[in-house]
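There are 2 protein chains.
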Amino acid sequence: MSQMQNVERQLREMILGLEIGPGERLTERWIEGRFGASRTPVRAALLRLETEGLVGRDGRGWTVAPINLAELGQIAVYREAVEVAAVRLTAALEDRSGIDVIAAMLDSCDAETPREEWHRVGMDFHIELARLAGNEFLLRAVRDAMTRLSRARWLEVRDEKALGRAWAEHHAILAAVRAGHADEAARLLSGHIAGSRERLVTSLHDDRRGLRARGFAVVAA
Amino acid sequence: MSQMQNVERQLREMILGLEIGPGERLTERWIEGRFGASRTPVRAALLRLETEGLVGRDGRGWTVAPINLAELGQIAVYREAVEVAAVRLTAALEDRSGIDVIAAMLDSCDAETPREEWHRVGMDFHIELARLAGNEFLLRAVRDAMTRLSRARWLEVRDEKALGRAWAEHHAILAAVRAGHADEAARLLSGHIAGSRERLVTSLHDDRRGLRARGFAVVAA
DNA sequence: GATACCAATTTGGGATACCAAGATGGTATT
DNA sequence: AATACCATCTTGGTATCCCAAATTGGTATC
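The listed protein sequences derive, respectively, from chains F and H. Here our numbering is used: the first residue of the first sequence is 222, the next is one more, and so on. Here our numbering is used: the first residue of the second sequence is 222, the next is one more, and so on.
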């Protein structure tokens with residue numbers, strides 16, 4: 222594993238895990254010292270993370286991307302387009318057995334499962350569902366979108382009921398795809414994503430003072 | 222303008238303009254000498270172009286992305302999803318006056334217009350149409366897709382009739398959007414993209430021997 | 001006390017030197 | 001002549017040094 226990949230991976234995990242807060246300033250020298258790498262791989266890693274939208278340039282200097290409510294809304298529209306397209310393709314496939322693996326993944330979560338795991342499975346559901354379509358570009362689009370949503374989903378206040386509803390909606394979507402009902406799967410998925418966006422943006426908007434108090438930059442919609 | 226941006230822009234133009242052939246090997250030292258920059262900005266530029274899919278890693282070393290017929294088909298599916306989503310959003314807007322600017326752009330092309338201009342306008346049509354939706358992610362997706370299709374479109378054998386048909390289809394799409402007919406616009410756009418893909422892949426497939434003879438790596442579908 | 005200005009420090013951009021691993025080509029041995 | 005082997009060169013990865021610009025902090029002046 223090269224130093225660049227090391228720095229990229231660790232820095233991404235720190236950002237996505239909110240160990241470095243949204244809006245925080247980064248200096249190449251700090252990262253250099255933090256990970257024990259020299260500036261060359263550090264700069265390479267920053268360039269890659271920039272294309273993922275996790276860090277940005279603030280004139281001179283680097284900043285961890287803030288939580289942007291308007292952007293979250295746009296991402297929801299974007300992922301709806303690509304996820305619906307993917308699920309329609311999958312519903313038209315002859316071999317849809319990949320569905321079962323995803324269903325098993327969902328079922329591996331229960332009341333005892335830690336929140337980290339729910340979080341991961343909630344993202345992987347959409348990514349793996351998109352993978353079944355067999356289109357690299359749709360898959361990458363979904364993966365990128367979920368990455369960008371990841372931090373916001375950590376900050377969202379979610380109760381047991383919300384988790385259960387998402388779980389049920391996921392299963393309903395899988396059932397429609399398994400049955401080859403493309404239109405119904407698309408309708409369910411659209412509704413799921415729209416509701417998901419609604420709750421996410423509302424939750425963050427209501428809590429934006431609390432988030433700012435924690436030092437997280439939140440850009441209004 | 223920083224050196225990195227210089228190298229990135231020039232290298233991208235050389236790749237998209239087929240001055241460097243698909244599949245060709247690149248060494249950091251050659252680029253360094255070619256553009257009079259040192260390896261630091263060269264490496265930064267390569268890292269960025271890699272995320273655009275224009276260059277890739279070939280184990281040790283860099284290669285210009287080959288023409289990949291399977292990939293072209295997947296891109297068409299991807300862009301259909303995002304372009305249709307964008308055009309539906311635009312058709313639902315109150316202010317759709319941006320349409321007229323795009324129509325004027327189309328009309329600036331006639332029989333006297335050089336091929337480079339047709340090529341550029343053909344791509345910009347889709348990009349500008351997507352921009353009207355006001356969604357950064359849909360716009361970027363379309364822009365990226367068009368960038369990846371750019372070289373293949375240069376290689377495609379297109380006659381006057383094909384150009385005229387595309388021109389007419391573009392205008393028909395605009396008319397539907399202007400009238401606010403989302404479903405019809407979506408249908409026309411889908412058909413346009415599907416036909417476009419069909420002709421593109423067929424043309425390149427039929428001509429793949431000629432392309433390989435010119436030193437261009439072509440990966441079959 | 002406010003402000004204008006200057007020096008010192010910090011920061012990212014760029015250039016270069018070094019290294020390890022892999023490709024290459026020549027040579028010696030059979 | 002074929003092949004095994006070794007020296008050499010090439011290449012990307014990394015570390016480090018230099019530089020210009022911008023920020024910062026203090027100081028002197030009004």
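Using N, Cα and C, we set each Cβ at its ideal position, and we do this for glycine too.
Under 8 angstroms between beta-carbons, which chain F residues line up against R269 of chain H? List them in chain order, please.
Within 8 angstroms Cβ-Cβ: L268 and T272.
Residues of the segment 284–307 of chain F with a CB closer than 7 angstroms to any CB of chain H: list them in chain order, please.
Listed in chain order, the positions of the segment 284–307 of chain F with a beta carbon within less than 7 angstroms of a beta carbon of chain H are Q295, I296, V298, Y299, A302, V303 and A306.
Taking the alpha carbon of Y299 of chain F as the point to measure from, which residue in H:D427, H:Q295, H:R361 and H:M367 has its own alpha carbon closest?
Here the closest residue by C-alpha is H:R361.
Drop a sphere of 10 angstroms on the beta-carbon of R264 of chain F, count the other beta-carbons inside from all chains shown, and report buried for 16 or more, exposed for fewer.
Buried, because 16 or more other Cβ atoms sit within 10 Å of the Cβ of R264 of chain F.
Rounded straight-line distance, which links the Cα of V305 of chain F to that of A403 of chain F:
Looking at the two C-alpha atoms, the distance is approximately 9 angstroms.
Using DSSP's beta-bridge definition, name the partner residues of N289 of chain F.
DSSP output for N289 of chain F lists F:V440 as bridge partner(s).
Which residue from F:I252, F:S259, F:G254 and F:V322 puts its Cα closest to that of H347 of chain F?
Here the closest residue by C-alpha is F:V322.
For G343 of chain H, count neighbouring C-beta atoms within 10 Å of its own C-beta (all shown protein chains included) and say buried if the count is 16 or more, exposed if not.
By the neighbour-count criterion, in which a residue is buried when 16 or more other Cβ atoms sit within 10 angstroms of its Cβ, G343 of chain H is buried.
For T272 of chain F and R386 of chain H, I'd like the C-alpha separation in whole angstroms.
Cα to Cα, T272 of chain F sits roughly 36 angstroms from R386 of chain H.
Check whether the segment 369–387 of chain H touches the segment 419–426 of chain H, taking contact to mean three or more Cβ pairs, one atom from each stretch, closer than 8 angstroms.
Yes, the segment 369–387 of chain H is in contact with the segment 419–426 of chain H.
Any beta-carbon of chain H closer than 7 angstroms to the one on F256 of chain F?
With 7 angstroms as the cut-off, F256 of chain F does not count as an interface residue toward chain H.
Reducing DSSP to helix, strand and coil, say where V378 of chain H ends up.
Three-state DSSP puts V378 of chain H in coil, outside helix and strand.
Please list the partners that R429 of chain H has in chain F, where partner means a Cβ-to-Cβ separation under 9 angstroms.
What R429 of chain H touches in chain F: nothing, since even the nearest Cβ is about 21 angstroms away.
For R356 of chain H, go through chain F and note every residue whose CB falls closer than 8 angstroms to its CB, in chain order.
In the sequence on display, residue 356 of chain H carries Asn and not Arg. By Cβ distance, chain F contributes Q295, V298 and Y299.
Alpha helix (DSSP H) segments (min. 4 residues) lying fully within the segment 275–338 of chain H
Within the segment 275–338 of chain H, the alpha helix (DSSP H) runs of at least 4 residues that lie entirely inside it are, in chain order, 290–312 and 319–328.
In angstroms with no decimal places, state the Cα-to-Cα distance between R317 of chain F and Q224 of chain H.
If I take the Cα positions, the gap works out to 50 angstroms.
Would L359 of chain F count as contacting chain H if we go by Cβ distances under 7 angstroms?
For L359 of chain F, the closest Cβ of chain H is nearer than 7 angstroms.
So E229 of chain H and R260 of chain H are in contact, right, with Cβ under 8 angstroms, and what is the actual spacing, rounded?
The pair is not a contact, with the Cβ atoms about 14 angstroms apart (cut-off 8 angstroms).
Would you tell me roughly how many angstroms separate the C-alpha atoms of N461 of chain F and E249 of chain F, rounded to the nearest one?
Residue coverage of chain F in this structure runs from 222 to 442, which leaves residue 461 of chain F outside it and unanswerable.
From the DSSP output, in three-state form, read off R361 of chain F for me.
Under the three-state reduction of DSSP, R361 of chain F is assigned to helix.
Quick one: Cα of N289 of chain H to Cα of R281 of chain H, how far?
Rounded to whole angstroms, N289 of chain H to R281 of chain H spans 21 angstroms at the Cα level.
Would you mind reading off the limits of the alpha helix (DSSP H) that contains A434 of chain F?
A434 of chain F -> alpha helix (DSSP H) spans R429 to A434.
Chain F contact for A324 of chain H (CB, 7 angstroms cutoff)
The beta-carbon of A324 of chain H is placed no less than 7 angstroms from the nearest beta-carbon of chain F.
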